[in-house]
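A.B. asks: Sharing a structure, written as structure tokens. Questions coming.
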Amino acid sequence: MTHSTTIKVRGYHLDLYGHVNNARYLEFLEEARWSFFEERGDLPWFLQSGLALVVVNINIDYRRAATMNEVLAIDTSVKSVGRRSAVMHQVVRIDGSDTVVAEADVTFVVYDGQQQKAVPLEGTLKELLEAMQDE
């Protein structure tokens, strides 16, 4: 299941060349992931679980510069769910078009704050993520 979040490019997102700074895409992608979990996941359960999803790898392909006042649509979905990690796929487009600005795969593990370590992805959390996975 894919979720879309829109973000308008503001002046403070830009670098000296007048386009969105590459580091800002990390913030855009994170905002879209939070929105995805708020609207499609069981965020209250997750926040009370004591678990955290910790990003361990991000691969971003930049395809086109985004500039001031453009509206970006960020499509987010769960790409795969494994035993120890899961991958979310995100595509940043110019809203209302097929123009891809960037594409990312974000790998995360489940971190248990009480145990202070990454734990297997299982139980309710695994079921929630699999239910949000693209077919």
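For what it's worth, this note's numbering labels the leading residue of the sequence shown as 1, then goes sequentially.
Idealized CB from N, CA, C, for every residue including glycine.
Since we're looking at a predicted model, the values are computed, not measured.
Less than 7 Å separating the beta-carbons of V156 and V54?
C.D. replies: Summary: the structure shown does not reach residue 156, with the chain confined to residues 1 through 135, and so no result is reported for it.
A.B. asks: Which of helix, strand or coil does DSSP assign to R33?
C.D. replies: The residue labelled residue 33 in the question sits at position 33 within the sequence shown. R33: helix per DSSP, three-state reduction.
A.B. asks: Can you name the start and end residues of the alpha helix (DSSP H) that A104 belongs to?
C.D. replies: Translated into the one-based positions of the sequence shown, residue 104 becomes position 104. A104 -> not in any alpha helix (DSSP H); beta strand (DSSP E) instead, spanning V100 to D112.
A.B. asks: At what residue ranges does the stretch 42-87 contain a whole run of the beta strand (DSSP E), taking only runs of 3 or more?
C.D. replies: Listed in chain order, the complete beta strand (DSSP E) runs (minimum 3 residues) inside the stretch 42-87 are 51-62 and 71-81.
A.B. asks: Can you tell which of A86, W45, Q116 and L72 has the C-alpha that lies nearest to the C-alpha of T5?
C.D. replies: Residue 5 sits at position 5 when you count from the first residue of the sequence shown. Among A86, W45, Q116 and L72, the Cα nearest to that of T5 is on L72.
A.B. asks: Secondary structure at L14, three-state DSSP: helix, strand or coil?
C.D. replies: Taking the first residue of the sequence shown as position 1, residue 14 is located at position 14. Three-state DSSP puts L14 in a strand.
A.B. asks: Are the beta-carbon atoms of H3 and F36 separated by less than 7 Å?
C.D. replies: Within the sequence shown, the letter at position 3 stands for residue 3. Within the sequence shown, the letter at position 36 stands for residue 36. Yes, Cβ-Cβ distance for H3 and F36 is below 7 Å.
A.B. asks: Three or more beta-carbon pairs under 8 Å between the stretch 107-122 and the stretch 44-51, yes or no?
C.D. replies: Contact between the stretch 107-122 and the stretch 44-51 is present, because at least three Cβ pairs lie under 8 Å.
A.B. asks: Below 8 Å on the Cβ atoms is my guess for I60 versus A23; work out the distance and round it to an integer in Å.
C.D. replies: Stepping through the sequence shown from its first residue, residue 60 is reached at position 60. Stepping through the sequence shown from its first residue, residue 23 is reached at position 23. Actually they are not in contact, since the Cβ atoms of I60 and A23 sit about 10 Å apart, beyond 8 Å.
A.B. asks: For A131, count the other beta carbons within 10 Å of its own beta carbon; 16 or more makes it buried, fewer makes it exposed. Which is it?
C.D. replies: Numbered from its first residue, the sequence shown carries residue 131 at position 131. Exposed: under 16 other Cβ atoms inside 10 Å.
A.B. asks: What's the C-alpha gap between G41 and T76?
C.D. replies: Within the sequence shown, numbered from 1, the residue matching residue 41 stands at position 41. Within the sequence shown, numbered from 1, the residue matching residue 76 stands at position 76. Cα to Cα, G41 sits roughly 12 Å from T76.
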